[in-house]
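Written out below as structure tokens is the structure these notes cover.
Chains as they are written, first to last, in the numbering used here: chain A, 1 to 395; chain B, 1 to 322; chain C, 1 to 289.
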């Protein structure tokens, strides 16, 4: 008898706690944000840091009770799709996002994917944040893509100008992988350098991404004796090898790139030869990182074992989406309302010390505000860590 | 024979009526694109299958898909052609190019042919990067949707841009092309040409010694194969409204070949079945997140261990149709 | 000029070593091992783990790579290729299996070692600078010499040991070898293990110079295919020749054609296709592979 009561009450208690647990869980409605990018195969590094940044931030938000939009707390769920760097798969991924009722998607990571998903995104009312630079994605009549980072044609001139004024750079050389993204970046970088009055001594040398020895690639460039060697659109895998080969060939000038790099990868691959290497990064250097940025890095490291410095620039897209929706809750399902809000939106940048702002920019480059404003932080690599060289803003 | 007719009728009914009805009923609109992809990719793999049929391992179909895509894109954006005119032109261009390339390389056999075609894909990508007409690394974007098509003032196909649901239109287009390609392939295999091709597959020297013009046959089969590749590429360009040198790469070429293997090299419908299984399989596995590729590849290996002659070899065992 | 030759030699040595393993497997079993590049990447990551994570000497890492890959190769041969070859109607079916294994290894590498580029510190510092005519870092010279030594060792193994003779016999004529009392199963396994081990060794050697990441597998396989096509598939001397020729072509092409932009590799690939059109069996291959 007693036993039965005990059993019954335990069952009841269990059921009740389950119910409560469920209720506590279901208390927050869920806001789904999509990610379409490459997380397997050769280019896995690009999408992986992207996806992990989003998942870290989402878990963090959910743990602390959800994201406040119009007085309601929302749990954030990240829906990911691996497009294998194939534009045809990227379309399928975007279709899946549309099917799941998702209106905001981060990605794709490359030019061809970003161009291929455009029809689907526009037909289904999806705003997406590619990490690809082609201007036609962001210039009218296109209106659903928002550039998720600083483009190389914006950061390049800033870097070249700084180096002209501070380091007396006069002659520049470019080298790029023979793939769409790096080649486009090389062309626009070279044009920007020319516009600044720099002498281009070499901008025709290219390499296969699977090159195992860069000495023959760099030899003809080093012979032109540039003051600055730009590694256009270089992937984190190739950067250390290129730097090492250039230095070993006796190159003493400056080396820079306009893409984000990872300090650990540079340290392992090139060691002290990479000292002085200039790259674009997020606000994670000690001088700039806010406490929230530091906590983000901690959480990311705890969740995935190892931080990736590329995530410094990739933490922003999700933050922009959520903050903009919070500014105008109608935007949650109505992308036109979201677009209208983009023109006036402004919020403090939680990842940076000081009074930096989150806002949409891009009028100069695209004629409309279709770019997130992230601080253009130019770093130099020094003994295993990045140091801030200078900070600029893009308009 | 009547059984076969019934089967074909059932298949047609399924893809043209049942599938759209099912999608409308369940609201799974995203399936249209998946199925469109399957249909287009299986056209490409049918071409690869035909080269297998003459005993050549073709890992270069991606090259022709890319060429076809570029022909269509360039003609539409630079010469103002209608999409419907570029579609056959893309196929014919690929067929012509493949004759020029095929004449020397079809003399190769076995892995040599396989590897040359693999390199061909990379050559095509690099050519697309280097040529001015392809717009190089920047690709061709903002390609218009297929316009309307009318013959003698009678509208046959509406303008895709005015349609409320271009997904359905693309699906119907892709499936129609797939059915036509399949019919063509079936006709070839069950004709005198097919018999001659089989003789090539078994023993080229013998075939040649009894008076079969092997060189001509090989080039013909390869040209038809490449025509299919170009067709598939052109439609993909219309859907994505853009093309880049990386739109079709070595991986695509390898996939075209794998689709044929998975379906079964001994069956005309092998490429369709294989494409469907592998493409859909990958999509379904997306729930496995980071283990997606692991499970996908394990399944592929397991399938090879159990059914090394393709999925359709199951039919063989039961003593079904050959 | 000297510099171009030196670069070509260094590239050629590493390429030849990659191609050797592939051609060995091909000659024994008529299998085009799509997963060869992935095996090379795996070998590189094993060395990285041993050297950079566990802090053991480089030579230990190299040996570990060789062992791990040899065991992997043997297992793959016994449990995957052997049953499939026995059951399938057409030789080509093994290509699907090989491609499946390549995908599988890609997935395993991603899960085990992550997506980042990895590298180990230089094993020797310093740069040889001969009058500005040849500039070559010492570690690169060391790796080049090691690669050539390994090639020499491999040739000696194939020429002078019982296993080597058995494998050569198998490559020439499988049926005849079997009739002469060669244990075909045993030597197929050893051959596959040896081929995989070579891939692992190259990975281990190169991780000190170029580093390693999971994307290097596929392109490496394609490059290795090209080398054995140049030399002739299934012929050991052909693989070595192919490796050195491709190395030289890259080195010379990149220097001579650098002014013309993106066409170096296009020229290399296109000339390869023309070459094969005239000489389908490669430099030293048997006709029809």
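We put the beta carbon where it would ideally sit given N, CA and C, even for glycine.
Where residue 130(C) is concerned, the enclosing beta strand (DSSP E) starts and stops at 127-130. Below 8 angstroms, too few C-beta pairs join the stretch 173-192 of chain C and the stretch 38-50 of chain C to call them touching: fewer than three. Taken atom to atom, the span from the alpha-carbon of residue 268(C) to that of residue 283(C) is near 16 angstroms. Between residue 35(A) and residue 107(A), the beta carbon gap of about 6 angstroms places them in contact (Cβ cut-off 8 angstroms).
Cβ atoms of residue 348(A) and residue 357(A) come within 8 angstroms of each other, at about 6 angstroms. Of all residues in the stretch 209-220 of chain C, only 218 place a beta-carbon less than 8 angstroms from a beta-carbon of chain B.
Your pair residue 45(A) and residue 116(C) checks out as a contact, with CB atoms roughly 6 angstroms apart and the cut at 8 angstroms. Residue 118(C) is bridged by DSSP to 212(C). Judged by beta-carbon spacing, residue 30(B) lies within the 8 angstroms limit of residue 95(A), meaning their Cβ atoms are closer than that value. Taking 8 angstroms as the cut-off between beta carbons, the residues of the stretch 240-271 of chain B near chain C are 250, 251, 254, 257, 258, 261, 262, 265 and 266, in sequence order.
For chain C, the residues of the stretch 213-228 of chain A that bring a beta carbon within less than 7 angstroms of one of its beta carbons are 213, 215, 216, 217, 219 and 220, in chain order.
In this structure residue 130(C) is exposed. Its beta-carbon is surrounded by fewer than 16 other beta-carbon atoms within 10 angstroms. The beta carbons of residue 53(A) and residue 315(A) sit closer together than 8 angstroms. Taking residue 17(C) as reference, the option from 216(C), 155(C) and 175(C) with the minimal CA-CA separation is 155(C). The beta carbon of residue 56(B) sits no closer than 8 angstroms to any beta carbon of chain A.
For residue 306(A), there is no enclosing alpha helix (DSSP H), since its DSSP letter is neither H nor E. Contact annotation: the stretch 85-100 of chain C touches the stretch 16-36 of chain C, with at least three C-beta pairs closer than 8 angstroms. Relative to residue 7(C), the option among 227(C), 136(C) and 202(C) whose CA is nearest is 136(C). Contact note: residue 309(A) does not reach chain C at a C-beta cutoff of 8 angstroms; the least C-beta distance is about 10 angstroms.
Contact of residue 190(C) with chain A by beta-carbon distance below 8 angstroms is absent, the smallest such distance being about 28 angstroms. Beta-carbon to beta-carbon, residue 293(B) and residue 103(C) are separated by about 6 angstroms, close enough to satisfy the 8 angstroms threshold. If only complete runs of 4 or more residues are kept, the stretch 168-192 of chain C shows the alpha helix (DSSP H) at 174-179, in order along the chain. By the neighbour-count criterion, in which 16 or more other beta carbons inside 10 Å mark a residue as buried, residue 226(A) falls on the buried side. Per DSSP, the unbroken alpha helix (DSSP H) holding residue 23(B) starts and ends at 19-26. Under the rule that a run must span 4 or more residues, the alpha helix (DSSP H) segments found entirely inside the stretch 28-103 of chain B read 30-53 and 61-78. For residue 249(C), no Cβ of chain B is located within less than 8 angstroms of the residue's own Cβ. At least one beta carbon of chain B lies nearer than 8 angstroms to the beta carbon of residue 107(C). With a contact defined as Cβ atoms closer than 8 angstroms, residue 198(C) and residue 20(C) qualify at about 5 angstroms. Under the DSSP definition of a beta bridge, residue 371(A) partners with 147(A) and 361(A). Excluding residues up to 5 positions away in sequence, 111 and 112 lie with their Cβ nearer than 7 angstroms to the Cβ of residue 180(A) in the same chain.
Rounded to whole angstroms, residue 390(A) and residue 145(A) show a C-alpha spacing of 28 angstroms. Residue 259(C) and residue 208(B) have their C-alpha atoms roughly 48 angstroms apart.
Within 9 angstroms of the CB of residue 58(C), no CB atom of chain B is found; the nearest one sits about 30 angstroms away.
A straight-line Cα-Cα distance of about 10 angstroms links residue 341(A) and residue 360(A). Pairing residue 308(B) with residue 223(C) gives a Cβ-Cβ distance that is not under 8 angstroms. The three-state reading of DSSP puts residue 251(A) in coil, since its state is none of H, G, I, E or B.
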